[in-house]
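Trainee: Each residue of the sequence shown is one higher than the last, beginning at 55 in the working numbering.
Next up is a structure, given as structure tokens.
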Amino acid sequence: MAVLPLRVTPDPILRLKAKRVRAIDSYIKKLAEDMVESMHAYDGVGIAAPQVGVSLRVIVIGIPDEEIITLINPEIVKKSGERDVNEGCLSIPGYRGEIKRAETVVAKGLDLHGKEVRIKATELLAQALEHEVGHIQGSLYTDLLENMDKLHKYVPTEEKEAD
Ligand SMILES: [Zn+2]
Numbered sequence: 055m056a057v058l059p060l061r062v063t064p065d066p067i068l069r070l071k072a073k074r075v076r077a078i079d080s081y082i083k084k085l086a087e088d089m090v091e092s093m094h095a096y097d098g099v100g101i102a103a104p105q106v107g108v109s110l111r112v113i114v115i116g117i118p119d120e121e122i123i124t125l126i127n128p129e130i131v132k133k134s135g136e137r138d139v140n141e142g143c144l145s146i147p148g149y150r151g152e153i154k155r156a157e158t159v160v161a162k163g164l165d166l167h168g169k170e171v172r173i174k175a176t177e178l179l180a181q182a183l184e185h186e187v188g189h190i191q192g193s194l195y196t197d198l199l200e201n202m203d204k205l206h207k208y209v210p211t212e213e214k215e216a217d
């Protein structure tokens, strides 16, 4: 496995609509493994392939203490409710923003064996699914900000986080 270099804004790959994966071959399996390692190295809750320079529809999500999810060609098939969240993105370092996300999300996609999976999620997993599926569509959470006052500079130290 390898940690892949991270793409950050304004890298144009982050704005492309990623291509559908046609076959889950050894390249895709290796990519997914490297994405998991990269997600951990960068301390993220999820990562999408465009963030590591590959414009394909592959996402991985690792909620602390839960099993890692890899989804190929993921889609959000249902969303309900609305809630305020504070969101950040590895590709937009140094910022966090207040946006609205769905309360409940149903996503579907393929696992690494090519089997269709459907995930019904709430809370952080729902947020991560919407966030990562956004990436493969070329959108970023900052697109959902009502105005720029909702975007804050963020210094990731415990001391600063407290206030
Ligand atoms: Zn992101």
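Ideal Cβ positions, reconstructed from N, Cα and C, are used throughout, including at glycine.
(1) Pick helix, strand or coil for V90, following the three-state DSSP scheme.
(2) Which of the three DSSP states is assigned to Y149 in this structure?
(3) Where does D88 land, buried or exposed, given buried means 16+ other C-beta within 10 angstroms?
(4) Between the segment 114-133 and the segment 58-69, do at least 3 Cβ pairs fall closer than 8 Å?
(5) Say the cut is 7 Å; is the CB of Q191 nearer than that to a heavy atom of ligand 1?
(6) Quick one, which of M202, L198, V62, R76 has its alpha-carbon nearest V139's?
(7) Going by the beta-carbon positions, is the gap between R61 and V106 smaller than 8 Å?
(8) With a CB to CB cut of under 6 Å and the five nearest residues on each side skipped, what residues in its chain are close to I123?
(9) Going by beta-carbon coordinates alone, are V159 and L125 separated by less than 8 Å?
(10) Quick check on the DSSP output: the alpha helix (DSSP H) that includes A102 runs from which residue to which?
(11) Considering just the uninterrupted stretch of the alpha helix (DSSP H) at I130, what are its terminal residues?
(12) Do you know offhand how far V57's Cα is from V108's?
(13) Using only the heavy atoms of ligand 1, determine whether one of them is closer than 7 Å to the beta carbon of A92.
(14) Are the CB atoms of I78 and G168 within a distance shorter than 8 Å?
Mentor: For this structure:
(1) helix
(2) strand
(3) buried
(4) no
(5) Not one heavy atom of ligand 1 is found less than 7 Å from the C-beta of Q191.
(6) L198
(7) yes
(8) I115
(9) no
(10) Note, A102: premise wrong, no alpha helix (DSSP H); beta strand (DSSP E) at 100-102.
(11) Note, I130: premise wrong, no alpha helix (DSSP H); beta strand (DSSP E) at 123-134.
(12) 14 Å
(13) The residue asked about is misnamed: residue 92 is Ser in this sequence, not Ala. Incorrect: S92 has no Cβ contact closer than 7 Å to ligand 1.
(14) yes
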